[in-house]
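>
Chains as they are written, first to last, in the numbering used here: chain A, -13 to 99; chain B, 1299 to 1413.
#1: Is it the case that the region 1308 to 1316 of chain B contacts the region 16 to 32 of chain A, given that we only count it when at least three CB pairs across the two stretches are under 8 Å?
#2: Name, in chain order, the residues that DSSP records as bridge partners for residue 1327/B.
#3: Mind listing the chain B neighbours of residue -11/A? Cutoff is C-beta to C-beta under 9 Å, in chain order.
#4: According to the neighbour-count rule (16 or more other Cβ atoms, all chains shown, within 10 Å of its Cβ), is residue 30/A buried or exposed?
#5: Mind checking residue 1376/B: buried by the 16 CB within 10 Å criterion, or exposed?
#6: I'd like to know whether the C-beta of residue 30/A is nearer than 8 Å to at least one C-beta of chain B.
#7: To which residues of the same chain is residue 1401/B closer than 7 Å at the C-beta, ignoring the five residues directly before and after it?
#8: From this set, 1342/B, 1326/B, 1331/B, 1394/B, which residue's C-alpha is nearest residue 1383/B's C-alpha?
#9: Just list the residues that DSSP pairs residue 42/A with in beta bridges.
#10: In or out: residue 1413/B buried (at least 16 other Cβ within 10 Å) or exposed?
#11: Taking 8 Å as the CB-CB cut-off, is residue 35/A touching chain B?
#12: In terms of residues, what are the limits of the beta strand (DSSP E) holding residue 1313/B?
#13: I need the boundaries of the beta strand (DSSP E) containing residue 1424/B, first residue and last residue.
#14: Could you pull out every residue in the same chain whose Cβ sits closer than 8 Å to the Cβ of residue 1411/B, ignoring the five residues on either side in sequence?
#15: Against chain B, does residue 96/A count as a neighbour if the rule is that its beta carbon must be under 8 Å from one of theirs?
#16: Within 10 angstroms of its Cβ, does residue 4/A collect 16 or more other Cβ (buried), or is it exposed?
#17: Can you list the residues of chain B that residue 10/A reaches, using a CB-CB cut of under 7 Å?
#18: Pick from 96/A, 32/A, 77/A, 43/A: whose alpha carbon is nearest that of residue 13/A?
#19: For chain B, find out if any of its Cβ atoms is closer than 8 Å to the Cβ of residue 85/A; answer yes or no.
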């Protein structure tokens, strides 16, 4: 079935370092791809999305490009802040006449001053 | 504009009991999905409601049931609670056509602990 694989965490970085969180997917058809972020004790917030191949989603300095040839959707940021510390989930959406999100296991990011 | 709201925020039950969780979708949304997030895991899809009917179901037993009301709000019911049902239950809302491009917006969740 459809699935998402994320790199294991935690990812520990110093403030202003570059971030990459790897995400690859397996899917039949052409899913939409999402990154959600979860801050401690909270629900999920949409960070960015891409709905077709070669689309780039971006928000708050984060970017990810939908790569159909490598079935990847890696999350990147050029300079992280302490406030970026959270758990990041990659997800795909598929369904015929309905929408179901399939999530990876999440990657915890810890940014120190 | 209110986002997705859920109640209660926390709940403690004992094995064998039944629980009802509630969700109000974001304004303008008519589709509600429920997810279970075990500690340290990604959310798992339970089911989705649209036009007061269950449109799709994930791999969860019949102990998990739901309902959607005419105002689009929704309830998740879990019967005969097991210790393994302890999790964060997330509600997400979206607009109804079932388009995979639609974004699902999540509520803060209800944390259920089964003792």
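Where is the CB? At the ideal position from N, CA and C, for every residue including glycine.
Reading it off the structure:
#1: As far as the Cβ criterion goes, the region 16 to 32 of chain A does not touch the region 1308 to 1316 of chain B, which means the pair count is below three.
#2: Per DSSP, none; premise fails for residue 1327/B.
#3: Under a criterion of Cβ atoms nearer than 9 Å, no residue of chain B is adjacent to residue -11/A; the nearest Cβ is some 11 Å distant.
#4: Residue 30/A should be labelled buried.
#5: Residue 1376/B is buried by the Cβ-count criterion.
#6: So, interface residue.
#7: Excluding five sequence positions before and after residue 1401/B, the CB atoms of its chain that fall closer than 7 Å to its own CB belong to 1392, given in chain order.
#8: Scanning 1342/B, 1326/B, 1331/B, 1394/B for the CA closest to the CA of residue 1383/B turns up 1342/B.
#9: Beta-bridge pairing links residue 42/A to 51/A.
#10: Label assigned to residue 1413/B: exposed.
#11: Judged by the 8 Å Cβ criterion, residue 35/A is in contact with chain B.
#12: In this chain, residue 1313/B is not harboured by any beta strand (DSSP E), its DSSP state being neither H nor E.
#13: Since the displayed chain B opens at 1299 and closes at 1413, residue 1424/B lies outside it and no answer follows.
#14: Excluding residues within five positions, the ones whose Cβ falls inside 8 Å are 1308, 1309, 1310, 1311, 1384.
#15: Residue-level contact check: residue 96/A does not touch chain B, since none of the beta carbons of chain B fall below 8 Å from its beta carbon.
#16: Result: exposed.
#17: Chain B residues near residue 10/A: none, gap ~14 Å exceeds 7 Å.
#18: If we check each option's Cα against that of residue 13/A, 77/A comes out closest.
#19: Interface residue, yes.
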